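Written below as structure tokens is the structure these notes are about.
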Amino acid sequence: MGTRRDRRGHGVRGPLAWPRVPAMNARRDRFDELVLDAAERVEQRVGSSLGLELAVEEVPPSDPAPWEHGVALGRLFPAESGMPARLVVYRRPVEHRAADEVELAGLVTEVVVEQVARMLGRDPDDLV
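Per our numbering, numbering through the sequence shown is continuous, rising by one, with the last residue being 128.
Here it is in structure tokens:
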């Protein structure tokens, strides 16, 4: 019995989705750490806990908020009915705009600072 081939004479195809490889997970983990570090620095600058839930998502939803122009890099969801405010940073758009690790860290910090400043009603320059 020979190998199975499709109608064009090609062999069996590989898996439809790539398996998770350590390099993919490591990049996600490093991004998560950058977000946590930025939030800690802002908390130190403010001098108190922000009471903020942090999240990282791959891409923003397809329904942008009315004030968002272009692709959102982060979004703040205000606290409501016993739930804390939630800050979401979108990994892929942020990574796409950064040329290297140093620029990535700066951009993540900028996104976190802008969203927290909006939540607190303060100027972002006060939180850097």
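Yeah, the Cβ is synthetic: ideal placement off N, Cα and C, and Gly gets one too.
Here the structure is a predicted model, which means the values were calculated and not measured.
Same chain only: Cβ atoms within 8 angstroms of V113, ignoring 5 sequence neighbours per side: A38, V42, P124, L127, V128
For G106, does the count of other Cβ atoms within 10 angstroms reach 16, so buried, or fall short, so exposed? exposed
Own chain, CB closer than 7 angstroms to P78, minus 5 neighbours either side, in chain order: A85
Can you tell me whether DSSP reads G106 as helix, strand or coil? helix
Quick check on this structure: which residue in A117, P61, G51, L76 has the alpha carbon closest to the alpha carbon of P93? P61
V71 versus V46 - alpha carbon distance: 28 angstroms
Option nearest Q115 by Cα separation, candidates E101, R75, D29: R75
First and last residue of the alpha helix (DSSP H) that includes E95? 91-97
Between the Cα of S49 and those of E40, M83, E57, spot the shortest distance and give me the residue it belongs to. E40
Report the three-state DSSP secondary structure of A38 (helix, strand or coil). helix
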